[in-house]
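*Asks:* What follows is a single structure, and I will ask about it in a moment.
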Amino acid sequence: MQLRLRNIGGMVIIDFIDMEAEDAREKVLAALKQALSSDRARCNVVKMSELGLVEMTRQRTRESLGRQLQETCWYCEGRGALKSKRTVVYEILRSLMRQAPRLLEEMIVVQAHPEVVDLMLGEERETLDAVEQMCGRKLTVRPRGSFHQEQYDIFGTSTEALARKRAEK
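This note's numbering puts the first residue of the sequence shown at 1257, with every later residue one more than the last.
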């Protein structure tokens, strides 16, 4: 029985649709109760409704099969969802406005997931320019393919450091 195999617990509704004959309903309900009698988990079956629905409760005895065969997603950390790229862009912009006054360098560099960078430099370009104006510093945005969609770094650099780096190449 799938209830035992999958270790389904809690309230369970079974739909025996289009079963209109009362004697057939009683036979199905009796067969269900008989099958559940060998189940080690506590089960309580309520009579079948006029719509052909059987309500029952079943105690879960161990972790469900799904939980046993799955592990927490490393990408979303088990939340089952990610922040949208636009949400990450706005998070970066807010963070820039908070951090810019504390950075002493002339240029602020943002590194983020490539798709987040594309959105920043595309649809959100005007907003990025406005933040750059408010910060009073040049903002450079660079893609990092190894970054998680929600990950970003903000750091400052001076033009002298950039010139040295370019000269070394």
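Glycine included, every Cβ here is placed at the ideal spot set by N, Cα and C.
Remember, it's a predicted structure, so these values are computed and weren't measured experimentally.
(1) Within 10 angstroms of the Cβ of K1341, are there 16 or more other Cβ atoms? Answer buried if so, exposed if not.
(2) Rounded to whole angstroms, what is the Cα-Cα separation between E1333 and E1327?
(3) Between A1423 and Y1331, what straight-line distance do the alpha-carbon atoms span, to the nearest angstrom?
(4) With a CB to CB cut of under 6 angstroms and the five nearest residues on each side skipped, what residues in its chain are close to V1373?
(5) Taking the Cβ atom as the reference point for each residue, do V1366 and M1312 lie within a distance shorter than 8 angstroms?
(6) Grab me the residues of R1350's own chain with a C-beta within less than 6 angstroms of its C-beta, minus the 5 sequence neighbours each way, in chain order.
(7) Where do the ends of the beta strand (DSSP E) carrying P1357 lie?
(8) Write down the C-beta distance between R1314 and I1264 rounded to the nearest angstrom, noting that I regard them as a contact closer than 8 angstroms.
(9) Whose C-alpha, out of L1352, I1270 and L1325, is nearest the C-alpha of E1388?
(10) When burial is assigned at 16 or more other CB atoms within 10 Å of the CB, is M1390 buried or exposed?
(11) Quick check on L1375: buried or exposed, where buried means 16 or more other Cβ atoms within 10 Å of its Cβ?
(12) DSSP three-state call for M1304: helix, strand or coil?
(13) Can the beta-carbon of A1368 be found less than 8 angstroms from the beta-carbon of R1393?
(14) Check R1381 in the structure and name its three-state DSSP category.
*Replies:* In brief:
(1) buried
(2) Taking the straight line joining both Cα atoms gives about 10 angstroms.
(3) 38 angstroms
(4) Result list for V1373: V1397 and P1399, in chain order.
(5) Going by C-beta atoms, V1366 is not nearer than 8 angstroms to M1312.
(6) none
(7) Run containing P1357: none; DSSP gives neither H nor E here.
(8) 6 angstroms
(9) L1352
(10) When all chains shown are included, M1390 counts as exposed.
(11) With 16 or more neighbouring CB atoms inside 10 Å of its own CB, L1375 falls in the buried class.
(12) strand
(13) no
(14) helix
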